[in-house]
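Below is one structure; the comments refer to it alone.
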Amino acid sequence: MLRHFNLATSLLLCLGVAGSACGQANENETPSERIDVPKVEKEGVWEPDEGGTQIPLWPANVPLAEPDSGAHPEYTGNGSPLVGGRKWHWATYITRPTMTIYRPKGRNTGAAMLVIPGGGFYAVATDLEGTEVCDWVTRQGMTCAMLKYRTPQVWPRVDGKQQRPKILLGLEDAQRAISLLRERAATYGIDPHRIGAIGFSAGAYLVINMSNTLERTYPLTDAADQQSPRPDFAVVAYNARVLDNSKGRNSLELQPWVEISPKAPPTLIIHAMNDSVDDVREPMAYALALNDAGVPVDMRLYAKGGHAFGLRPTADPITRRWPQHLEEWLRDMKVL
213 MLRHFNLATS LLLCLGVAGS ACGQANENET PSERIDVPKV EKEGVWEPDE GGTQIPLWPA
273 NVPLAEPDSG AHPEYTGNGS PLVGGRKWHW ATYITRPTMT IYRPKGRNTG AAMLVIPGGG
333 FYAVATDLEG TEVCDWVTRQ GMTCAMLKYR TPQVWPRVDG KQQRPKILLG LEDAQRAISL
393 LRERAATYGI DPHRIGAIGF SAGAYLVINM SNTLERTYPL TDAADQQSPR PDFAVVAYNA
453 RVLDNSKGRN SLELQPWVEI SPKAPPTLII HAMNDSVDDV REPMAYALAL NDAGVPVDMR
513 LYAKGGHAFG LRPTADPITR RWPQHLEEWL RDMKVL
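For the sequence shown, our numbering assigns the number 213 to the initial residue and increments by one for each residue that follows.
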């Protein structure tokens, strides 16, 4: 019980920002849009709104490694502060991961996007960086799948430095989701060679991992796991955990656990210069590494926007313009 209490306490402390690290809302952000509100949580399994079909990633009889909270019942709640003047919500203590399928609105282009929300690996920001993004994706004529991955999983510290877990549960879930989408492409009416991934903060780190490796850390389960787990295109929004910041302020070296593959897919990176949670040097380091490997990479940087803005429009131009940049980029990539 003490273990669960400590994790719950850490969860509430770290959900002040729907991001990949504990932090505070940026002091330069518009106060009316980043007002702290009381957090509310309750036991219960997250369920999608109308139009979404939630499916398990693995058969019920397949044993899965549990998150740090063990078999703790799933919880849902709202985070703080407000984003775009509205609350955002999360799920945590997730032991049986799922993806929720949203079909395209209007014409079906055949493309698909896996959406991986952030939440610091403590939780999954289900609306701000999940269902709201899927709503945009489906309006473009694409099938959307929102990933609810296993959390919490705390990154250990050795000699005061954060380390990547050897087995990253969220990565296993993301790889499985892409494989399932490819294996069921005909069922969902999608092209198995036009399946991309977009990740936010902690979810962006998972997209980076997926892009640069085919290796899995779980036993192959069925025919779906014979499919490639690498996305055909990748979108990375306010990422972290790749920069080795022990090398000095002007160094853009990557952490030793970050591998770069020349087979990584074309990538679009979105970030705000005043992000106080994930330093802008994080995406810069990753973009340069991709470029050095010969991988096509585009990056859009804006002066203001802070962290964890999702798709909610605010006074900061990035929040209103990055979706347009994404649409143009997808057309350039012949995805749309």
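Ideal placement from N, C-alpha and C gives every residue a C-beta, glycine not left out.
Going straight from the alpha carbon of residue i to that of residue j, what length do you get?
i	j	result
glutamate 255	threonine 304	10 Å
threonine 288	leucine 381	19 Å
threonine 531	valine 492	16 Å
alanine 515	methionine 485	5 Å
isoleucine 306	aspartate 371	29 Å
proline 478	leucine 538	12 Å
leucine 224	valine 295	Low confidence applies to leucine 224: its pLDDT is 48, below 50, so where it sits in the model is not reliable enough to give any reading.
glutamine 467	asparagine 424	14 Å
arginine 308	valine 419	20 Å
glycine 401	leucine 393	10 Å
alanine 324	threonine 363	25 Å
isoleucine 267	isoleucine 313	8 Å
methionine 354	tryptophan 541	14 Å
phenylalanine 550	aspartate 403	For the chain, the structure presents residues 213 to 548; residue 550 sits outside this window and is missing.
glycine 318	tryptophan 348	13 Å
glycine 517	asparagine 273	44 Å
methionine 545	leucine 513	20 Å
valine 366	arginine 533	33 Å
leucine 276	proline 529	42 Å
aspartate 456	valine 257	37 Å
arginine 406	glutamate 278	32 Å
isoleucine 379	threonine 399	31 Å
glycine 331	histidine 483	17 Å
glutamate 253	alanine 335	12 Å
glutamate 262	glutamine 439	30 Å
Who are the near neighbours of residue i in its chain, counting only those whose CB is closer than 8 Å to its CB and skipping five residues on each side?
i	result
proline 368	Gln374, Gln375 and Pro377
tyrosine 417	Ser232, Gly411, Asn451, Ala452, Arg453 and Val454
proline 271	Thr433 and Asp434
aspartate 437	Arg388, Ser391 and Arg428
asparagine 503	Val509
phenylalanine 333	Ser232, Thr363, Pro364, Gln365, Val366, Trp367, Gly382 and Ala414
leucine 548	Thr321, Ala323, Gln352, Gly353, Met354, Glu539 and Leu542
asparagine 421	Leu380, Leu383 and Ala386
glutamate 286	Glu255, Gly256, Val257, Trp258, Ala303, Thr304, Tyr305, Ile306 and Thr307
Give every residue of the same chain whose Cβ lies closer than 7 Å to the Cβ of residue i, excluding the five residues on either side of it in the sequence, and list them in chain order.
i	result
glutamate 344	Gly522 and Leu523
leucine 389	A small correction: the amino acid at residue 389 is alanine; leucine does not occupy that position in the sequence shown. Same-chain partners within the cutoff: Leu269, Met311, Leu326, Ala357 and Leu359.
histidine 216	Residue placement at histidine 216 is flagged as unreliable, the pLDDT there being 44, under the threshold of 50; the coordinate-derived value follows with that caveat. Within the same chain, histidine 216 has close Cβ partners Ser281 and His284.
methionine 511	Ile481, Pro495 and Ala499
lysine 459	Glu465
cysteine 346	Tyr314, Val327, Cys356 and Met358
alanine 501	Leu466 and Ile472
proline 243	Bear in mind that the predicted position of proline 243 carries a pLDDT of just 41, short of 50, making it too unreliable to give a figure here.
Hey, could you find the ends of the beta strand (DSSP E) residue i is sitting in?
i	result
asparagine 290	287-290
alanine 409	407-412
Alpha carbons only, please: which of the options is nearest the one belonging to residue i?
i	options	result
arginine 543	Trp258, Thr321 and Gln266	Thr321
proline 535	Pro309, Ser292, Ile402 and Gln352	Gln352
glycine 411	Ser292, Leu392, Glu278 and Pro443	Pro443
alanine 435	Met422, Asp456, Ala397 and Trp469	Ala397
lysine 475	Val295, Ala335, Val507 and Thr526	Val507
proline 329	Pro250, Gly342, Arg319 and Lys317	Gly342
threonine 526	Pro271, Gly297 and Pro250	Gly297
asparagine 462	Ala497, Glu286 and Asp528	Ala497
threonine 338	Glu278, Ala414, Arg319 and Ala323	Ala414
glutamate 471	Ala386, Gly518, Val509 and Glu427	Glu427
glycine 264	Ala335, Gly291 and Pro316	Pro316
proline 260	His301, Lys251 and Pro275	His301
histidine 519	Asp504, Ala449 and Ala277	Ala449
alanine 386	Gly408, Asn273 and Thr399	Gly408
threonine 299	Leu340, Glu286, Asn273 and Leu276	Per the sequence shown, residue 299 should be read as lysine rather than threonine. It is Leu340 whose Cα lies nearest to the Cα of lysine 299.
glutamate 395	Pro441, Asn421, Ala501 and Ala335	Pro441
Excluding the five sequence neighbours on either side, which residues of its own chain have a C-beta within less than 6 Å of the C-beta of residue i, listed in chain order?
i	result
proline 293	Ala237, Arg246, Ile247 and Asp248
tyrosine 430	Glu384
valine 447	Ile410 and Leu480
alanine 505	Ile472 and Pro474
threonine 350	Tyr314, Pro316, Lys317 and Cys356
tyrosine 361	Pro309, Gly382 and Asp385
In terms of residue numbering, what span does the alpha helix (DSSP H) encompassing residue i cover?
i	result
alanine 397	397-400
Inset, instruction - With a floor of 3 residues, list each beta strand (DSSP E) that falls wholly inside the stretch 442-530, ordered by position along the chain. - result: Counting whole runs of 3 or more residues, the stretch 442-530 contains the beta strand (DSSP E) stretches 446-449, 479-484 and 509-514.
Legend entry - Contiguous beta strand (DSSP E) assignments of at least 3 residues, all confined to the stretch 300-388: 301-304, 310-314, 324-328 and 355-360
Legend entry - Runs of beta strand (DSSP E) wholly within the stretch 245-297 (minimum 3 residues, chain order): 252-255, 264-268 and 287-290
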